[in-house]
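For the sequence shown, the positions run 84 to 591 when the working numbering is used.
Single-structure report; data block below.
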Amino acid sequence: MSKVESKLYIIGAGFAGQMIAEDIKRKKIFGKIAAFLDDDESLIGRKIDGIPVLGPIENVASLLNVNGIDEAIIAIPSAPVERIRQIYQTLKNNFLHIKILPSISQVVNGRAHLVQAREINPLDILGRTPIIIPLHESLAYLKGKRVLITGAGGSIGSELSRQLLSGGAERIYLFGHGENSIVKIYRELHLLQNEGVGEKAAVVPIIGDMKDKEYVRFIISHTRADVIFHCAAYKHVPMMEENPVAVIENNVFGTKNLLDAAIEFGVERFVLISTDKAVSPVSVYGVSKMLSEKLVLQAAKNTSSAQSFMFVRFGNVLGSRGSLLPIFMEQIQNGGPVTVTDKDMVRFFMTIPEACSLVLQTGGVGQNAQAYLLDMGDPVKILEIAEQIIRFSGFEPYKDMEIKFIGLRPGERLYEPLWLEEENPKPTAYKKILKLTTKEPETFKLDDLLEKLRPICIFDQNQKELFRNREKLIQILREAIPTLDEYYSEQQNQGKHVDLSESVKVVL
Numbered sequence: 084m085s086k087v088e089s090k091l092y093i094i095g096a097g098f099a100g101q102m103i104a105e106d107i108k109r110k111k112i113f114g115k116i117a118a119f120l121d122d123d124e125s126l127i128g129r130k131i132d133g134i135p136v137l138g139p140i141e142n143v144a145s146l147l148n149v150n151g152i153d154e155a156i157i158a159i160p161s162a163p164v165e166r167i168r169q170i171y172q173t174l175k176n177n178f179l180h181i182k183i184l185p186s187i188s189q190v191v192n193g194r195a196h197l198v199q200a201r202e203i204n205p206l207d208i209l210g211r212t213p214i215i216i217p218l219h220e221s222l223a224y225l226k227g228k229r230v231l232i233t234g235a236g237g238s239i240g241s242e243l244s245r246q247l248l249s250g251g252a253e254r255i256y257l258f259g260h261g262e263n264s265i266v267k268i269y270r271e272l273h274l275l276q277n278e279g280v281g282e283k284a285a286v287v288p289i290i291g292d293m294k295d296k297e298y299v300r301f302i303i304s305h306t307r308a309d310v311i312f313h314c315a316a317y318k319h320v321p322m323m324e325e326n327p328v329a330v331i332e333n334n335v336f337g338t339k340n341l342l343d344a345a346i347e348f349g350v351e352r353f354v355l356i357s358t359d360k361a362v363s364p365v366s367v368y369g370v371s372k373m374l375s376e377k378l379v380l381q382a383a384k385n386t387s388s389a390q391s392f393m394f395v396r397f398g399n400v401l402g403s404r405g406s407l408l409p410i411f412m413e414q415i416q417n418g419g420p421v422t423v424t425d426k427d428m429v430r431f432f433m434t435i436p437e438a439c440s441l442v443l444q445t446g447g448v449g450q451n452a453q454a455y456l457l458d459m460g461d462p463v464k465i466l467e468i469a470e471q472i473i474r475f476s477g478f479e480p481y482k483d484m485e486i487k488f489i490g491l492r493p494g495e496r497l498y499e500p501l502w503l504e505e506e507n508p509k510p511t512a513y514k515k516i517l518k519l520t521t522k523e524p525e526t527f528k529l530d531d532l533l534e535k536l537r538p539i540c541i542f543d544q545n546q547k548e549l550f551r552n553r554e555k556l557i558q559i560l561r562e563a564i565p566t567l568d569e570y571y572s573e574q575q576n577q578g579k580h581v582d583l584s585e586s587v588k589v590v591l
C-alpha cells in the first residue's frame, strides 16, 4: 500500500506566503504545496509560480480533500488577532498541524522565512492586536553597537535577542546563569541567522551570575558593551515569599553590581525591565523591583553626558515562562482541573513580542534618569483567559474541563496597579510608550536601606549573625515600605501569612 503524502496549504498569497512557498520549494523537504488560500478576489483563481490560489478561506477550507495529516501555515503577518482567530476556527478541524508566521513587526524589510513559522498557540488568538513597530527603523540606534542582555535565556530576554538580530548590532551578548536556557536561545539565533533572518551580528553566550560583583565588572569591561537590557530577575511571587533573602540578593544587589560596572566602564544605555508589582509593593519580589527602579534613577545621576539610564515598566506578558498560560496548558494536557486564583482577579496583558518591540524602541528614544510605562490597555479577567484557553484546546469549560478556584497565594492581590497617582503617566511622541514622573522615596533613604540589607545578603565577618536572617530582612523591609507592612499585618491578622518569629527560621 503506497504511503499517503501530506499536503501543505499556505494561508495568504501575499508577499509572506509567496516567500514561504519559495523557501519550501528551495529546500525540497517539506512536502508538496497544494494551494494558497486567500480572500483577495484579484488573486483567487490565479496561479502563483504554479500554485493555485483558492478562496475565500472560509468557503473552501471545509471543501479541501484533506487526509488528516495535512498542514497549514498562516502567512498573513499583518492580520489582526480577530482575523487570526476566525482563520484558526475554520482550519482547526481539518489539519494535523497549523503553523503561523510572526506579526508584521517581526518580518523585517519584507522578508519572511519558513524558519520563523511555529505552531499556533493561544497567544495568537487571545487579547488585542499588537501594535506594529518597524523594527529596522526603531533599532537604528543599535547599528554597530555591542548589546548585552541579562537573563537572555528567559522569556523577555530571548525575545529581545531574536528581535535584535534585525538591529545591525555588531555583537549580541547573551548573559545568564542558566546553562540550558542560554544554549537554547544561542542555537536558535544561529539557526535564524543561517536561514537569512536579520543581520550577521556575532552572538556570544556568557554564563555567569550577576550577584558576583567582580565577575560582573570583568564582563562589562571586557565585552565593552554599549547597551545593556537588564531582564534578569527572580520573579515568581509565592516562591520568592519563601526565599526573601535570595530575591533581594539577586534582584537588588545584582542590579546594583550591573549599574556600578555600567557607570564605571561607560555603557551608553542601560534599560531595566520592571513590573507593575513594583507599584505599592505587597511582596518581597515587588519590593525588589521597586528598589531596582530606584537604583537605576540614582545611578542616572552619576552618569556622564554620554550615558542614558532608564527603566521600562509593564504588566504581565502572555506566555512568559512560569506564567499562567503555560501552566493552564499543562493542566489541560493533564486532564485538569484548571486552577484560577479568584473569579475577580484581573491583570494587564501584552504579548511578549509586542512588549519587547516597545522596550527596544524605548531604549532608543528614552532619556537619562527617566521612567517609562507601556500602555497595557484594559485589564483582563484571569477567569476569561482560562475559559478561552480551554476552548482553544477543544474542550468546553465547566463541562469537559473543571475550573477550580484556589484563593490568593502569598504576595498576590486581585488587582495590580501600573502606576502611583503621583507618577502621573503622560503620553510621549511614541504610541503606547508613556512617561512617568519620578520622585525620591519618602519612607527610606536608598543607600541606608541597602546598607541594612547588605550583611543579610552578603556575608560580613563582622556581622555574621545577620547572614541569611530572613526574619531580620522582613523586619527591615516592613519598616521601610508601608504597603508591605500593611499587607503583612493584614495577612497575619487573618492567619494567612507565616509569622517568622514563631516558625522555624529557614535562612534562604
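Even for Gly, the Cβ is constructed at its ideal location relative to N, Cα and C.
Residue environment: residue 567 is assigned as buried (16 or more neighbouring CB atoms within 10 Å of its CB, all protein chains considered). Boundaries of the alpha helix (DSSP H) harbouring residue 475: 465–475, taken from the DSSP string. Apart from sequence neighbours up to five positions away, the residues of its chain that approach residue 104 with a beta-carbon distance below 8 Å are 93, 116, 119, 131, 132 and 134, ordered along the chain.
Around the beta carbon of residue 359, 16 or more other beta carbons sit within 10 angstroms, so the residue counts as buried. Inter-residue distance for residue 393 and residue 385 is about 13 Å (C-alpha atoms, whole angstroms). By DSSP's assignment, residue 357 forms a beta bridge with 396.
For residue 322, the secondary structure class from DSSP, reduced to helix, strand or coil, is helix.
Beta-bridge partners of residue 259 (DSSP): 290. Runs of the alpha helix (DSSP H) lying entirely within the region 103–176, each at least 4 residues long, are 140–143 and 164–174 in chain order. Contact between residue 302 and residue 289 is confirmed by a C-beta separation of about 6 Å, below the 8 Å threshold. For the pair residue 225 and residue 250, the CB atoms are nearer than the 8 Å cut-off. Remark: three or more beta-carbon pairs, one from each stretch, lie closer than 8 Å, so the region 327–341 and the region 373–381 are flagged as touching. Residue 94: member of the beta strand (DSSP E) spanning 90–94, first to last residue. The C-alpha of residue 208 is placed about 17 Å away from the C-alpha of residue 140. Here residue 469 is not near residue 429, since their CB atoms are 8 Å or more apart. Assignment of beta-bridge partners to residue 455 by DSSP yields 395 and 518. Under the criterion of beta carbons closer than 8 Å, residue 556 and residue 327 qualify as touching, at roughly 6 Å. In this structure, residue 517 sits near residue 455, with a CB-CB distance shorter than 8 Å.
Relative to residue 532, the option among 101, 525, 406 and 563 whose CA is nearest is 563.
DSSP places residue 219 within a helical segment (H, G or I) once states are collapsed to three.
Bridge pairing for residue 352: 310 and 391 [DSSP]. The region 237–256 makes contact with the region 430–446: 3 or more CB pairs, one atom from each, lie closer than 8 Å.
The beta carbons of residue 541 and residue 552 sit about 13 Å from each other, so the pair does not count as a contact at 8 Å.
Separation of the CB atoms of residue 408 and residue 205 is rounded to 6 Å, and the pair is thereby assigned contact status at 8 Å. A residue is called buried once 16 or more other Cβ atoms fall within 10 Å of its Cβ, and residue 180, having fewer, is exposed.
Inter-residue distance for residue 248 and residue 306 is about 18 Å (C-alpha atoms, whole angstroms). 369 is the residue among 313, 511, 369 and 361 whose C-alpha sits nearest the C-alpha of residue 322. Residue 382 has its alpha-carbon roughly 10 Å from the corresponding atom of residue 391.
DSSP places residue 338 in the uninterrupted alpha helix (DSSP H) bounded by 337–347. A straight line joining the alpha-carbon of residue 526 with that of residue 170 spans about 54 Å.
Distance between residue 294 and residue 316, taken at the CA atoms: about 11 Å. The alpha carbon of residue 219 has as its nearest neighbour, out of 574, 482, 280 and 399, the alpha carbon of 280. Per DSSP, residue 411 is one residue of the alpha helix (DSSP H) stretching across 407–416. By alpha-carbon distance to residue 498, the top candidate from 325, 399, 505 and 446 is 399.
Counting only unbroken stretches of 4 or more residues, the alpha helix (DSSP H) elements lying wholly within the region 227–260 are 238–247, in sequence order.
Excluding five sequence positions before and after residue 513, the CB atoms of its chain that fall closer than 7 Å to its own CB belong to 444 and 448, given in chain order.
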